[in-house]
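Chemist:
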Amino acid sequence: MTVLVLNGPNLGRLGVREPDVYGTATYADLVGRCEQVATDVGVEIEVRQTDAEAEMIGWLHAAADAGSAVILNAGAWTHTSIAVRDAASQLNGPLVEVHLSNVHAREAFRHTSYLSDIASAVVVGMGIEGYAAAIRYVAQG
51 MTVLVLNGPN LGRLGVREPD VYGTATYADL VGRCEQVATD VGVEIEVRQT DAEAEMIGWL
111 HAAADAGSAV ILNAGAWTHT SIAVRDAASQ LNGPLVEVHL SNVHAREAFR HTSYLSDIAS
171 AVVVGMGIEG YAAAIRYVAQ G
């Protein structure tokens with residue numbers, strides 16, 4: 051099984067961007083943690099990040115065509131992009147929505163997700179350990 055971990059805008063700036071909200075772990079730390087957990091649970095993993103919405107949509111289309119499991123932190127697109135939702139709704143494999151911070155304890159606009167109702171599971175507020183939980187969930191099938 052190949053699991054795609056797809057990260058949206060600004061996530062490449064982890065460790066620099068608002069560490070009081072998103073923590074001090076870097077994007078490289080996030081990738082390393084995902085790879086370690088994937089090895090531990092015996093799944094193949096690809097971790098990607100983009101600030102380009104069209105690229106994210108392309109990745110979601112490819113995942114839908116391949117039947118891949120997707121762990122998605124769509125960042126701000128979670129709250130704004132019907133296009134990302136429409137692409138994610140085509141997935142045949144599991145979709146886990148992940149957010150580093152507890153979006154429900156933040157600004158009101160972050161309380162709305164265009165993804166949660168189509169996700170198999172939602173993980174919020176666990177920092178990069180949320181990705182580890184999502185990988186374990188997907189690996190359990």
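My numbering puts the sequence shown at residues 51 to 191.
Ideal placement from N, C-alpha and C gives every residue a C-beta, glycine not left out.
Computed from a predicted model, the values in this text were never measured in an experiment.
Where DSSP assigns a beta bridge to L165, which residues make up the other side?
Modeler: Answer is none; L165 lacks a bridge partner.
Chemist: Can you confirm whether the region 61 to 79 touches the region 108 to 119 when touching is taken to mean that 3 or more C-beta pairs between the two stretches lie within less than 8 Å?
Modeler: No, they do not touch.
Chemist: On the DSSP letters alone, give me the boundaries of the alpha helix (DSSP H) that Q190 sits inside.
Modeler: Unbroken run through Q190: none, as it is neither H nor E.
Chemist: Identify whether L64 lies in helix, strand or coil by the three-state DSSP scheme.
Modeler: It is coil, neither helix nor strand.
Chemist: So what does DSSP say about V173, is it helix, strand or coil?
Modeler: V173: strand per DSSP, three-state reduction.
Chemist: With contact counted as at least three CB pairs below 8 Å, one residue from each stretch, are the region 163 to 176 and the region 95 to 102 in contact?
Modeler: Result no; under three Cβ-Cβ pairs closer than 8 Å.
Chemist: So the alpha helix (DSSP H) I95 belongs to, where does it begin and stop?
Modeler: Not the alpha helix (DSSP H): I95 falls in the beta strand (DSSP E), residues E94 to Q99.
Chemist: First and last residue of the beta strand (DSSP E) that includes I121?
Modeler: Segment A119 to N123, the beta strand (DSSP E) holding I121.
Chemist: Does DSSP put L56 in a helix, a strand or coil?
Modeler: Reduced to three states, the DSSP call for L56 is strand.
Chemist: Out of A171, V53, P59 and E179, point me to the one whose CA is closest to T130's CA.
Modeler: It is P59.
Chemist: Exposed or buried, what is N142 when buried is set at 16 or more other beta-carbons lying within 10 Å of its beta-carbon?
Modeler: Its Cβ having fewer than 16 others within 10 Å, N142 is exposed.
Chemist: What is the DSSP secondary structure of E147, reduced to helix, strand or coil?
Modeler: The answer is strand: DSSP assigns E147 an E or B state.
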